[in-house]
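**Q**
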Amino acid sequence: MRAVRTRRPRPPRPSPELAKAPISPTTRSKPEEDPSPLTLPIKAFKLRLANGPPLASTAKDFKTYSETCASLLRLCRAMSATSTTMPSYAPSSGCLPLVLSLHAHAFRSGLTADRSVASNLLTAYAAFTRAADRDQAFRDCVAADAASSFTYDFMVSEHVKAGDIASARRLFYGMPEKSVVSYTTMVDALMKRGSVRDAVELYERCPLHSVAFFTAMISGFVRNELHKDAFPVFRKMLTCSVRPNVVTLICVIKACVGAGEFDLAMGVVGLAVKCNLFEKSIEVHNSLITLYLRMGDAAAAHRVFDDMEVRDVVSWTALLDVYADLGDLYGARRVLDAMPARNEVSWGTLIARHEQKGDTAEALKLYSQMLADGCRPNISCFSSVLSACATLQDLRGGTRIHANALKMGSSTNLFVSSSLIDMYCKCKQCTYAQRVFNSLPEKNTVCWNSLISGYSWNGKMVEAEGLFNKMPARNSVSWNTMISGYAENRRFGDALNYFYAMLASGHIPGEITLSSVLLACANLCSLEMGRMVHAEIVKLGIEDNIFMGTALSDMYAKSGDLDSSRRVFYQMPEKNNITWTAMVQGLAENGFAEESISLFEDMIENGIAPNEHTFLAILFACSHCGLVEQAIHYFETMQAHGIPPKSKHYTCMVDVLARAGCLPEAEELLMKVSSELDTSSWSSLLSACSTYRNKEIGERAAKKLHELEKDNTAGYVLLSNMYASCGKWKDAAETRILMQGASLKKDAGCSWLQLRGQYHAFFSWKEKHPLSLEIYEILDLLMLELTT
DNA sequence: ATAGGGTTAG
């Protein structure tokens, strides 16, 4: 024990001025008026030590001292909250010596075993974060059989606060009589660590009840996103006639919101009204705002806000979210400006909403404004703003935010690092992403998924597959990532193989899985598999889902089963512009050009906004019917809709004109926009030149094509064809030789079919199918059957 | 024991 400096050189006499005497050297230079009444008891106590009778010599006296000391300590703790602005309030500035002195005295007097003294010493040392002294005091207590239930409860919560759940657990199981307080502490700690199973086990074994205990379970389930599990606890609480309080109510409402159980929520609110629970609680009102918002009743949410007598930042932020949820980001911004005080959550909400709505640039701008406003970004904010950088592929911005996160110590947070991995991958920096991933001390499935998805986004399926095989635990997102990754990289067969593996692993496919699988089916023209997926969708009861319907209708159209495609389309209860576009396109590509055009007109009449893909489909339809006038009309309509034509649209228009024989017009259009076009437009013109035997334009087109792309085999073939069609056999032959000289070969076209899960490809000349001899024999037999 | 915001798949 250290010697305690309790006496100052010149002990002040008790007099009115002395009440204002400085209590420690650090405060001596401070202005005499003290802003807080908190220091007064400490001064009084110091005076008592300085001038009063010697310290207590009996347990009773000592109890008075130690209790005084404990209450002083509570004051110190309250003041230490303001100790950053006022250093003299820091707990070390005078109280600790008092405690040490009291402890020494108690030790000398053999009073450490007094229950009250022991527990006050314990709390005192805990307040000064002197863990070793605290633990010694606890051991003294136990040895002297002076440990009360409170002592144990306190120590359990001390260990929990220090994050030492193992010690807390050991202590808890060693408790002679477990109190409901310790049960509550343990359950809460376990829930916060995500050990839901352990928490539930304790809950089921606990013979005692209290509001806090039940509430801790409810909030624990909510924290772990197991909203539905919270309801039985609430029900049990009511059957045990434990009255819910305000905190319970808040947690239960949150559970209802999370589970989407709004009827139940209204029942709970009714109950709360009956119990008079939410009269003047700001917190309950705040949670009501969010409840009504999630119910889709923005007006009611607003009313709750308006009716509140006192509002805080949370109320205002919830209101901001009401506006944002209605899509009124401008209104949300106005709320932010009108708020009496903003914090990082208010800014973060607005930023997240802009990011979600796709206004990523504005999200980044708001982020800078937030920093300028003096708010420190938190985990959520980093996540959304990094996500914005990912969509913008803004590597510089993303790196800067990475630096900010590093500085704030948030870079190893799993939410932030998942976003970082995603951001670096979207910016084509897989190495950095991998580095972020490697630097993580602990990884969760989301990080793994992010990196896998990042590699597949960059077309690196080998790496993606390697990670997928290595990861310790997979969820359905992991499977979806692989399946859609293969579908995106046009490896449709692999996508289907992963789908089979997913089913075998016992994961239930969801909308996302099935839409990728349908995309694969559509591209493989695998009608059989597509029908199976359709059946699966009906079985899962999600056939009315707009994504499912669109993907199904598209799959049938691409597989050539237009009847089924139409049936799905017309039975859909809800359609969006993508649904309509897919159908228009399906009809166009299958040669139902008139029907495609009339469906497009229906679409416009129904007020569905066409997009660039819709127009591409309709131009395609026109080109196949030779409807030049119509095509020009739609081409102009498109621009009137504010959709700038892209190279594919020009290609299509050139194709329309060229097919109809308007070769000079086609060439003129091409020359006008040539720089933005890809080579296919020139190929298309060249091809038409061979049909219409136009040698002059054809040669110009071929020249242009050659300039743009030296290795384009199609160009040589087309040119050669054109010469052939004009009867210029010599030129045709020379072109072929030229092509071979450039060591180019025409890519072989092929067709394929699926048989018992295996794909068989058929080429026009090379690489004969291994069974081609047999196949042709059968074919001959069939032909014979048919003709006789 | 507590209200407001967040990451990966289409």
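Start counting the first sequence at 6; every next residue gets the next number (my numbering). No residue lacks a Cβ here, since even glycine has one placed at the ideal position from N, Cα and C. None of the values given here were measured: they were computed from a predicted structure.
Which runs of the alpha helix (DSSP H) fall wholly inside the region 252-314 and span at least 4 residues, in chain order?
**A** 267-279, 287-300, 303-312
**Q** Helix, strand or coil: which one does DSSP assign to Gly612?
**A** Along the first sequence, read from residue 1 onward, the residue named residue 612 stands at position 607. It is coil, neither helix nor strand.
**Q** Among Asn699, Lys183, Thr189, Ala194, which one has its Cα closest to the Cα of Asp168?
**A** Reading the first sequence from its first residue, position 163 is the one you call residue 168. The question names Asp, yet the displayed sequence has Gly at residue 168. The shortest C-alpha separation from Gly168 is found at Ala194.
**Q** Grouping DSSP H, G and I as helix and E and B as strand, with all else coil, what is Cys630?
**A** What you label residue 630 is simply residue 625 of the first sequence in a count that begins at 1. For Cys630, the secondary structure class from DSSP, reduced to helix, strand or coil, is helix.
**Q** Can you say whether Arg495 is buried or exposed, counting buried as having 16 or more other CB atoms within 10 angstroms of its CB?
**A** Translated into positions along the first sequence, residue 495 becomes position 490. Answer is exposed; the Cβ neighbour count stays below 16.
**Q** Going along the chain, which residues of its own chain have a beta-carbon closer than 6 Å to the beta-carbon of Ser389, five neighbours each way excluded?
**A** Along the first sequence, one-based indexing puts residue 389 at 384. Cβ neighbours of Ser389 beyond the five flanking positions: Ile356, Ala357, Glu360.
**Q** Under 7 Å between the Cβ atoms of Arg698 and Cys731?
**A** For the purposes of this step, residue 698 is identified with residue 693 of the first sequence, where counting begins at 1. For the purposes of this step, residue 731 is identified with residue 726 of the first sequence, where counting begins at 1. A contact, by the Cβ cut-off of 7 Å.
**Q** Could you tell me how far apart the beta carbons of Phe620 and Met643 are, in whole angstroms, since I believe they sit closer than 8 Å?
**A** Counting from one through the first sequence, the residue named residue 620 turns up at place 615. Counting from one through the first sequence, the residue named residue 643 turns up at place 638. 4 Å between Cβ atoms; contact.
**Q** Spatial neighbours of Phe473 within its chain, please: C-beta separation below 7 Å, excluding the five flanking residues on both sides.
**A** One-based indexing of the first sequence puts residue 473 at position 468. The answer, listed in chain order, is Ile457, Ser483, Met487.
**Q** So, with DSSP's three-state summary, where would you put Asn229?
**A** Start at 1 with the first residue of the first sequence, and residue 229 comes out as number 224. If DSSP states are grouped into helix, strand and coil, Asn229 belongs with coil.
**Q** So Val238 packs on Phe219, CB below 8 Å; how close in whole Å?
**A** Numbered from its first residue, the first sequence carries residue 238 at position 233. Numbered from its first residue, the first sequence carries residue 219 at position 214. About 6 Å separates the beta carbon of Val238 from that of Phe219, a gap short enough to meet the 8 Å contact definition.
**Q** Where does Glu714 fall in DSSP's three states?
**A** Walking along the first sequence from the start, residue 714 turns up at place 709. Coil.
**Q** So the candidates are Met160, Arg120, Ala109; which of them puts its Cα closest to the Cα of Ala132?
**A** In the first sequence, the residue the question calls residue 132 occupies position 127. Nearest of Met160, Arg120, Ala109 to Ala132, Cα basis: Met160.
**Q** Within a Cβ cutoff of 6 Å, which residues of the same chain sit near Ala118, ignoring the five residues on either side of it in sequence?
**A** As a working note, residue 118 is residue 113 in the first sequence. So the list reads Ala149, Ala151, once near-sequence residues are dropped.
**Q** Can you tell me whether Pro705 is helix, strand or coil according to DSSP?
**A** The residue you call residue 705 lines up with position 700 of the first sequence. Note that residue 705 is Arg in the sequence shown here, rather than Pro. Correct three-state label for Arg705: helix.
**Q** Between Ser162, Tyr460, Lys448, Met222, which has its C-alpha nearest Thr417's C-alpha?
**A** As a working note, residue 417 is residue 412 in the first sequence. Nearest neighbour of Thr417 by Cα position, chosen from Ser162, Tyr460, Lys448, Met222, turns out to be Lys448.
**Q** Starting from Asp326, follow the alpha helix (DSSP H) in both directions and report where the run begins and ends.
**A** By 1-based counting over the first sequence, the position of residue 326 is 321. According to the DSSP assignment, Asp326 belongs to the alpha helix (DSSP H) that extends over 318-330.
**Q** Which two residues bound the contiguous alpha helix (DSSP H) that contains Asn502?
**A** Stepping through the first sequence from its first residue, residue 502 is reached at position 497. Note, Asn502: alpha helix (DSSP H), 497-509.
**Q** Three Cβ pairs or more, each shorter than 8 Å: is that satisfied between the region 333-349 and the region 288-302?
**A** no
**Q** Evaluate Tyr505 with the Cβ neighbour count: other Cβ atoms within 10 Å of its Cβ, from every protein chain shown; 16 or more gives buried, anything less gives exposed.
**A** By one-based count along the first sequence, residue 505 stands at place 500. A residue is called buried when at least 16 other Cβ atoms come within 10 angstroms of its Cβ; Tyr505 does not meet this threshold and is exposed.
**Q** Should Cys394 be labelled buried (16 or more other beta-carbon atoms within 10 Å of its own) or exposed?
**A** As a position in the first sequence, residue 394 is number 389, starting the count at 1. Cys394 comes out buried.
**Q** What do you get for Ala500, buried or exposed, if any count of 16 or more other CB atoms within 10 angstroms of its CB means buried?
**A** Position 495 of the first sequence holds residue 500. Flag for Ala500 reads buried.
**Q** Which term fits Asp785, buried or exposed, when burial requires 16 or more other beta carbons within 10 angstroms of its beta carbon?
**A** Translated into positions along the first sequence, residue 785 becomes position 780. Answer is exposed; the Cβ neighbour count stays below 16.
**Q** Expressed to the nearest angstrom, what Euclidean distance is found between the alpha-carbon atoms of Leu341 and Gly272?
**A** By 1-based counting over the first sequence, the position of residue 341 is 336. By 1-based counting over the first sequence, the position of residue 272 is 267. Using only the alpha carbons, I get a separation of about 33 Å.
**Q** What does the alpha-carbon distance come out to for the pair Ser688 and Cys657?
**A** Here residue 688 corresponds to residue number 683 of the first sequence, with the count starting at 1. Here residue 657 corresponds to residue number 652 of the first sequence, with the count starting at 1. Cα-Cα distance, rounded: 12 Å.
**Q** Return the chain-ordered ranges of every beta strand (DSSP E) run that is complete within the region 630-660 and spans a minimum of 3 residues.
**A** none
**Q** Judging by CA-CA distance, which residue of Arg198, Ile426, Ser489, Leu567 is the nearest neighbour of Arg440?
**A** By one-based count along the first sequence, residue 440 stands at place 435. It is Ile426 whose Cα lies nearest to the Cα of Arg440.
**Q** Does the separation of the CB atoms of Leu674 and Val661 fall below 7 Å?
**A** Counting from 1 along the first sequence, the entry for residue 674 is found at position 669. Counting from 1 along the first sequence, the entry for residue 661 is found at position 656. Contact flag unset, no.
**Q** Grab the span of the alpha helix (DSSP H) containing Pro669 for me, first residue to last.
**A** Position 664 of the first sequence, counted from the start, is the residue given in the question as residue 669. Secondary structure note for Pro669: its alpha helix (DSSP H) is the uninterrupted segment 668-678.
**Q** Does the region 574-589 come within contact of the region 538-545, defined as at least 3 CB pairs closer than 8 Å?
**A** no
**Q** Where does the unbroken alpha helix (DSSP H) through Ser570 begin, and where does it stop?
**A** As a working mapping, residue 570 is identified with position 565 in the first sequence. Looking at the DSSP string, the run of the alpha helix (DSSP H) that includes Ser570 is 567-576.
**Q** In chain order, what residues of the same chain have a beta carbon less than 6 Å from the beta carbon of Phe177, not counting five sequence neighbours either side?
**A** Residue 177 sits at position 172 when you count from the first residue of the first sequence. Answer for Phe177: Val161, Ser187, Met191, listed in chain order.
**Q** What are the boundary residues of the alpha helix (DSSP H) that Ser424 is part of?
**A** Residue numbering aside, residue 424 sits at position 419 when the first sequence is read from its first letter. It spans 419-431 - the alpha helix (DSSP H) in which Ser424 sits, taken as one unbroken run.
**Q** Work out the CA separation of Met553 and Ile547 for me, nearest whole Å.
**A** The residue labelled residue 547 in the question sits at position 542 within the first sequence. The residue labelled residue 553 in the question sits at position 548 within the first sequence. Cα-Cα distance, rounded: 7 Å.
**Q** Output needed for Val251: all residues of its chain with C-beta closer than 8 Å, excluding positions within five of it in sequence on either side, in chain order.
**A** The sequence position of residue 251 within the first sequence is 246, counting from 1. Here the set comprises Leu282, Phe283, Ser286, Glu288, Val289.
**Q** Using a 10 Å radius around the Cβ and a threshold of 16 neighbouring Cβ atoms, would you call Tyr372 buried or exposed?
**A** Locating residue 372 in the first sequence gives position 367, where the first residue counts as 1. Flag for Tyr372 reads buried.
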